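Enquirer:
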């Protein structure tokens, strides 16, 4: 089994890493808070086809597979980019999977760069989709209302209520109304769950990137910062936890890639592995970003330093959907075909 | 002092405080007049001897007295870092002149104090500090930078550590100053923390001055004096949380000119930056998650740590009475940081997505979200987890110290060789 990237994949990663290093530095990220959206960055990403790549060729896109999307998502996560790349890609794939004129029109608007769409990751309750990722900045959101998939326009005033949050993410509560459904019944549920698999996979990939960046920053600091006349990285109390984090980040990355590969070939373990990758990446990012703050000492606790940017996002990004145990539950249900009363 | 008082039950003390308050409490007095009256009667620090400004009672009496004041509806005696750390340090190492001049204004709440210990280049290795104090006649001229100083912006005095001799090994060239902050050479800059608050400050000293009469414990003896200060800081943190500041003393604390009766209605700041088992158990019940098996396991673990923390603190007090207890204090701090982190994590897990929300719309006003953001600080302030583990390893387990090659080298020489490194 060969997990190494081919030349095309390496070039893809390099080009996104380069763009993001220039336009999504920690200073950019800081500046975009608290909204968490930088329009100029989003435009630049759109210009290099970040939405097109996620859409199948027969629907007007490039047809990139889940592995390539995961590679890009990892770069997006590493730079904590204030741009809703994952949400837009997941929404685009969902719209492309539906056989409905309104969905096609919405997809065309996305591909033409006129519209930013997103998808709620949790079902609507009492007419409101809560904490919709990118809901604060998108033009429309696809939500699951009972057994109906609806496209909710966010242009009208009162349709959305942005929610201030710790991760400085552009979240909003969305009032659903009664727009005609894009799909109903079992087909709607199947489409929603498949899109959720995508979201879990790509968010897991982003968390791997975030954890890896926080970890690398901390290793650099451990080489420079001195106490008792020695670099702090020379103390095993520092070096060993960082080694443990490196191991975990590496493992999370492998798991994300395996899940992406399985989803890409429509394997029967796709749902299970995507949930597992999300769970493990969430836990890994939580620990690695905690260690990043901790090993920066008092400085790590200040807003002026970078570790807190990663710390807050590691806790915020997954939580929009749920805790790691929720993802383990999903993986278990997929693997053992059980259903739960809750 | 302690022997006589151990036999006296708290019920007697409670009654005595209430009787005194019945006669003396006057809500129409100003806070500063009231605090002078309270200090005069020895209530601010009742565990000190009468000569020192107390009433010769037990260490526990301070908490009992304050509770009795609150119960009566009277404004509590002043709090603050001066009371917690500076006063006991000066009482232990100061000359009678220094004690007579510096301690009474602490006891009657007239001045606020902060700590000026840590520097950007000297955190865990505090003895590696480089703030320089140079003798100039009967005063010292001081230049350097301090960091992590809580309440510096609201303080009149700082407990300042500076290096008075660069030609001796680092632990031997430090002095402890009772340093006045209100002077041209001092700049205080608030630090913005992850929580969004600015409790801590940077303090820049640029040829600031301090009278030689305010050098406590002798030039070059600062490290020994610091151990006293740190001892009182540690036992204070273990005793009551990280905010010993309430009610705030000094002219910048905003209390002195107020009517005492109004000030008595102020509530102690809700020390919700660090949560414990009761907060999380309540949250689990409110959110109907107490039947979730994973939540129950974590709650049980949190409860176990809380109980251990409590018993460890009691054991520590007993050992301290016998002259030991240092490693126990470190175990206590390690247990505390574990509790703080687990409580914050569990609170967030119970809240789910709602845990993300910040600000006033958040559950419980964002208490759990803030605790999550604050929790890493617990493993840094008051001695990092790593330092606490070193203390346990060395003092309790008798394991050898890690080698520190610069320990006996003149500190000036250490700095020069550091500058030469690539």
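Residue numbers (my numbering), protein chains in the order written: chain W, 3 to 344; chain G, 162 to 583.
We treat Cβ as the ideally placed atom computed from N, Cα and C, and that holds for glycine.
Since we're looking at a predicted model, the values are computed, not measured.
Once you ignore the five residues that flank residue 326/G on each side, which residues in its own chain have a CB closer than 6 Å to its CB?
Expert: What you label residue 326/G is simply residue 165 of the second chain in a count that begins at 1. Excluding residues within five positions, the ones whose Cβ falls inside 6 Å are 334 and 381.
Enquirer: In the stretch 341–408 of chain G, which residue ranges form an unbroken alpha helix (DSSP H) of at least 4 residues, counting only runs that do not cross its ends?
Expert: 383–401
Enquirer: Could you pull the start and end residues of the alpha helix (DSSP H) that residue 250/G belongs to?
Expert: Stepping through the second chain from its first residue, residue 250/G is reached at position 89. Membership of residue 250/G in the alpha helix (DSSP H) is indicated by the continuous run 248–254.
Enquirer: I'd like the span of the beta strand (DSSP E) that includes residue 176/W, first residue to last.
Expert: Counting from 1 along the first chain, the entry for residue 176/W is found at position 174. Note, residue 176/W: beta strand (DSSP E), 174–177.
Enquirer: So residue 269/G contacts chain W; which residues on that side make the cut at Cβ distance below 8 Å?
Expert: Looking up residue 269/G in the second chain gives position 108. What residue 269/G touches in chain W: nothing, since even the nearest Cβ is about 33 Å away.
Enquirer: Give me, in chain order, the residues of the same chain whose beta-carbon lies closer than 7 Å to that of residue 216/W; leave out the 5 immediate sequence neighbours on both sides.
Expert: Taking the first residue of the first chain as position 1, residue 216/W is located at position 214. Taken in chain order, the residues that qualify are 290, 291, 294, 309 and 312.
Enquirer: Which of helix, strand or coil does DSSP assign to residue 231/W?
Expert: If you number the first chain from 1, residue 231/W lands on position 229. If DSSP states are grouped into helix, strand and coil, residue 231/W belongs with coil.
Enquirer: Residue 547/G touches chain W at which residues, Cβ-Cβ below 7 Å?
Expert: For this step, residue 547/G is matched to residue 386 along the second chain. Those are 239, listed as they occur along chain W.
Enquirer: Check for me: the beta strand (DSSP E) holding residue 186/W runs from which residue to which?
Expert: For this step, residue 186/W is matched to residue 184 along the first chain. 183–186 is the extent of the beta strand (DSSP E) around residue 186/W.
Enquirer: Near residue 356/G, what residues of its chain come up, given a Cβ to Cβ distance below 7 Å and the 5 sequence neighbours on each side ignored?
Expert: Against the second chain, residue 356/G aligns to sequence position 195. If we look at residue 356/G and ignore the five residues flanking it on each side, its Cβ neighbours are 531, 534 and 535.
Enquirer: Taking one C-beta from the stretch 185–199 of chain G and one from the stretch 221–236 of chain G each time, how about it: are there three or more such pairs within less than 8 Å?
Expert: yes
Enquirer: Just checking: is the beta-carbon of residue 311/G within a distance shorter than 7 Å of some beta-carbon in chain W?
Expert: Working through the second chain from its first residue, we reach residue 311/G at position 150. Taking Cβ atoms only, chain W never reaches closer than 7 Å to residue 311/G, which makes this a no.
Enquirer: Should residue 316/G go down as buried or exposed, given a rule of 16 or more other Cβ atoms within 10 Å for buried?
Expert: Position 155 of the second chain, counted from the start, is the residue given in the question as residue 316/G. For residue 316/G, the number of other beta carbons within 10 angstroms of its own is at least 16, and it is reported as buried.
Enquirer: Is it the case that the Cβ atoms of residue 171/W and residue 318/W are separated by a distance below 7 Å?
Expert: Position 169 of the first chain holds residue 171/W. Position 316 of the first chain holds residue 318/W. Judged by their CB atoms, residue 171/W and residue 318/W are nearer to each other than the 7 Å cut-off.
Enquirer: Cβ atoms of residue 286/W and residue 248/W: under 7 Å apart, would you say?
Expert: Locating residue 248/W in the first chain gives position 246, where the first residue counts as 1. Locating residue 286/W in the first chain gives position 284, where the first residue counts as 1. No, the Cβ-Cβ distance between residue 248/W and residue 286/W is not below 7 Å.
Enquirer: Please list the partners that residue 565/G has in chain W, where partner means a Cβ-to-Cβ separation under 7 Å.
Expert: For the purposes of this step, residue 565/G is identified with residue 404 of the second chain, where counting begins at 1. Under the 7 Å cutoff, chain W gives 230.
Enquirer: Taking 7 Å as the CB-CB cut-off, is residue 354/G touching chain W?
Expert: Residue 354/G sits at position 193 when you count from the first residue of the second chain. Judged by the 7 Å Cβ criterion, residue 354/G is in contact with chain W.
Enquirer: Thinking C-alpha only, which one of 18/W, 148/W and 139/W is nearest residue 159/W?
Expert: Indexing the first chain from 1 puts residue 159/W at position 157. For the residues 18/W, 148/W and 139/W, the minimum Cα distance to residue 159/W belongs to 139/W.
Enquirer: Given this structure, state the Cα-to-Cα distance separating residue 193/W from residue 220/W, to the nearest angstrom.
Expert: To locate residue 193/W, count along the first chain from 1; it is residue 191. To locate residue 220/W, count along the first chain from 1; it is residue 218. Answer to the nearest angstrom: the Cα atoms are 41 Å apart.
Enquirer: Hey, is residue 530/G's beta-carbon within less than 7 Å of any beta-carbon in chain W?
Expert: Here the question's residue 530/G lines up with position 369 in the second chain. Yes, its Cβ sits closer than 7 Å to a Cβ of chain W.
Enquirer: Check whether the Cβ atoms of residue 204/W and residue 88/W lie closer than 7 Å to each other.
Expert: Looking up residue 204/W in the first chain gives position 202. Looking up residue 88/W in the first chain gives position 86. Yes, the Cβ-Cβ distance between residue 204/W and residue 88/W is below 7 Å.
Enquirer: List the residues that DSSP assigns as beta-bridge partners of residue 305/G.
Expert: Here residue 305/G refers to the residue found at position 144 when the second chain is read from its first residue. According to DSSP, which records beta bridges pairwise, residue 305/G is partnered with 366/G.
Enquirer: At the 7 Å Cβ level, is residue 310/W part of the contact set with chain G, yes or no?
Expert: Sequence index remark: in the first chain, residue 310/W carries index 308 (1-based). Yes, contact with chain G.
Enquirer: Is it right to say residue 127/W is buried, meaning 16 or more other beta carbons lie within 10 angstroms of its own, or is it exposed?
Expert: Position 125 of the first chain, counting from 1, holds the residue named residue 127/W. Label assigned to residue 127/W: exposed.
Enquirer: For residue 113/W, which residues of its own chain have a beta-carbon under 8 Å away from its beta-carbon, when the five flanking residues on both sides are left out?
Expert: Residue numbering aside, residue 113/W sits at position 111 when the first chain is read from its first letter. Same-chain partners within the cutoff: 53, 54, 57, 62, 63 and 94.
Enquirer: Nearest chain W C-beta to residue 510/G closer than 7 Å, yes or no?
Expert: Here residue 510/G refers to the residue found at position 349 of the second chain. Yes, its Cβ sits closer than 7 Å to a Cβ of chain W.
Enquirer: Taking the straight line between their C-alpha atoms, what separation do you get for residue 219/G and residue 451/G?
Expert: Reading the second chain from its first residue, position 58 is the one you call residue 219/G. Reading the second chain from its first residue, position 290 is the one you call residue 451/G. Cα to Cα, the separation comes out at about 42 Å.
Enquirer: Based on Cα-Cα distance, which residue from 46/W, 240/W, 102/W and 35/W lies nearest to residue 189/W?
Expert: For the purposes of this step, residue 189/W is identified with residue 187 of the first chain, where counting begins at 1. Nearest C-alpha to residue 189/W: 102/W.
Enquirer: Would you say the stretch 33–44 of chain W touches the stretch 73–88 of chain W, given that touching needs at least three Cβ pairs under 8 Å?
Expert: yes
Enquirer: So with CB distances below 8 Å, who are the chain W contacts of residue 540/G?
Expert: The residue you call residue 540/G lines up with position 379 of the second chain. Those within 8 Å of residue 540/G in chain W are 296.
Enquirer: Can you list, in chain order, the residues of its chain with a C-beta nearer than 7 Å to that of residue 323/W? Leave out the 5 residues immediately preceding and following it.
Expert: The residue you call residue 323/W lines up with position 321 of the first chain. Correct list, in chain order: 123 and 124.
Enquirer: Within the same chain, show all residues whose beta-carbon is closer than 7 Å to that of residue 546/G, passing over the 5 residues directly before and after it, in chain order.
Expert: Within the second chain, numbered from 1, the residue matching residue 546/G stands at position 385. 495, 498 and 540, listed in sequence order.
Enquirer: Can you tell me whether residue 259/G is helix, strand or coil according to DSSP?
Expert: As a working note, residue 259/G is residue 98 in the second chain. Of the three classes helix, strand and coil, the one that applies to residue 259/G here is helix, per DSSP.
Enquirer: Can you list the residues of chain G that residue 327/W reaches, using a CB-CB cut of under 8 Å?
Expert: As a position in the first chain, residue 327/W is number 325, starting the count at 1. Those are 455 and 510, listed as they occur along chain G.
Enquirer: What's the call for residue 267/W, buried or exposed, on a 16-neighbour Cβ count within 10 Å?
Expert: Numbered from its first residue, the first chain carries residue 267/W at position 265. Result: exposed.
Enquirer: Name the chain G residues that come within less than 8 Å of residue 166/W, Cβ to Cβ?
Expert: On the first chain, position 164 is the one that residue 166/W refers to. By Cβ distance, chain G contributes 518, 519, 520 and 522.
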